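> The opening residue of the sequence shown carries number 4 in this note's numbering; numbering runs sequentially from there. Would you mind keeping the following structure in view while I ask a few things?
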Amino acid sequence: MSLAICSLIWDAKASKQRSQKVSYDDDGYHLVRFPYEGESYDPWHMHDPDKGGSEPSKFPDTRSGLIWPSHDGWGVLSATVHWEADSTPSEYRARFVRDPLGDGYDSTGTSAANRTGGAEFHTYVWQFFVHPDVPVGLKITARGSGDRKVATPISHAQFKLAIHTDVAVP
4 MSLAICSLIW DAKASKQRSQ KVSYDDDGYH LVRFPYEGES YDPWHMHDPD KGGSEPSKFP
64 DTRSGLIWPS HDGWGVLSAT VHWEADSTPS EYRARFVRDP LGDGYDSTGT SAANRTGGAE
124 FHTYVWQFFV HPDVPVGLKI TARGSGDRKV ATPISHAQFK LAIHTDVAVP
């Protein structure tokens, strides 16, 4: 079975930024952004600044958080997020979203975890069918008491999509 793979990484040390500022959309989540330069693996050009708009995207705009699947197929999405140490949040959430910037917003695979104390390191995996005309994204949020959103920065993130392109049909 063949795979088409896109693997994105953003790291505070490598980018010479202290952290990625977290700002929340109307849905209470932040779309994690990834640079177009220095990606670990994207031979299918699924993280392309020319996709999804009339002008090229520039990191860290919202479109820099999208992966545009290169094929129809069964997508295995995975991610890791390293939150900076902050005593304010009591819960950390992440979700994979189809069409996170469009009219077809469809979140799936939402995960929640309680604060462990110190820095927070979380990994996530989810699977669903993907299509070239529907981008996918990783959205995160940190919540405090009373479900209050807390803008806790992240210091590292990875987002990966592996598409099984040869899905058998009975």
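Just so you know, even glycine gets a beta-carbon here, dropped at the ideal spot from N, CA and C. Predicted, not measured: the structure shown is a model, and the values here were computed from it.
Could you give the uninterrupted runs of the beta strand (DSSP E) lying entirely in the stretch 28-92, keeping only those of 3 residues or more?
76-86
> Please report the Cβ distance between N117 and E94, rounded to the nearest whole angstrom; I am assuming they are in contact, meaning their Cβ atoms lie under 8 Å.
For the purposes of this step, residue 117 is identified with residue 114 of the sequence shown, where counting begins at 1. For the purposes of this step, residue 94 is identified with residue 91 of the sequence shown, where counting begins at 1. Their Cβ separation, rounded to whole angstroms, is 6 Å, which keeps N117 and E94 in contact under 8 Å.
> If you check the beta carbons only, do T144 and A97 fall under 9 Å apart?
By 1-based counting over the sequence shown, the position of residue 144 is 141. By 1-based counting over the sequence shown, the position of residue 97 is 94. Taking 9 Å as the Cβ cut-off, T144 and A97 qualify as a contacting pair.
> Which residues in the same chain as K54 place their Cβ atom closer than 7 Å to its Cβ, once the five residues preceding and following it in sequence are excluded?
Within the sequence shown, the letter at position 51 stands for residue 54. Excluding residues within five positions, the ones whose Cβ falls inside 7 Å are W71.
> If you measure between the beta carbons of R36 and T65, is that distance less than 9 Å?
Residue mapping note: residue 36 aligns to position 33 of the sequence shown, counting from 1. Residue mapping note: residue 65 aligns to position 62 of the sequence shown, counting from 1. Result yes, Cβ atoms of R36 and T65 sit closer than 9 Å.
> Which residues does DSSP list as the beta-bridge partners of Y127?
Mapped onto the sequence shown, residue 127 falls at position 124. Answer is A82.
> Look at the alpha carbon of A115 and the alpha carbon of Y39, and state the distance between them as a whole number of angstroms.
Position 112 of the sequence shown, counting from 1, holds the residue named residue 115. Position 36 of the sequence shown, counting from 1, holds the residue named residue 39. Roughly 29 Å between the two C-alpha positions.
> Can you give me the C-alpha to C-alpha distance between Y127 and Q161, rounded to a whole angstrom?
Counting from one through the sequence shown, the residue named residue 127 turns up at place 124. Counting from one through the sequence shown, the residue named residue 161 turns up at place 158. So the two alpha carbons sit approximately 10 Å from each other.
> Classify K16 as helix, strand or coil using the three-state DSSP reduction.
Taking the sequence shown and counting its residues from 1, one reaches residue 16 at position 13. Three-state DSSP puts K16 in a helix.
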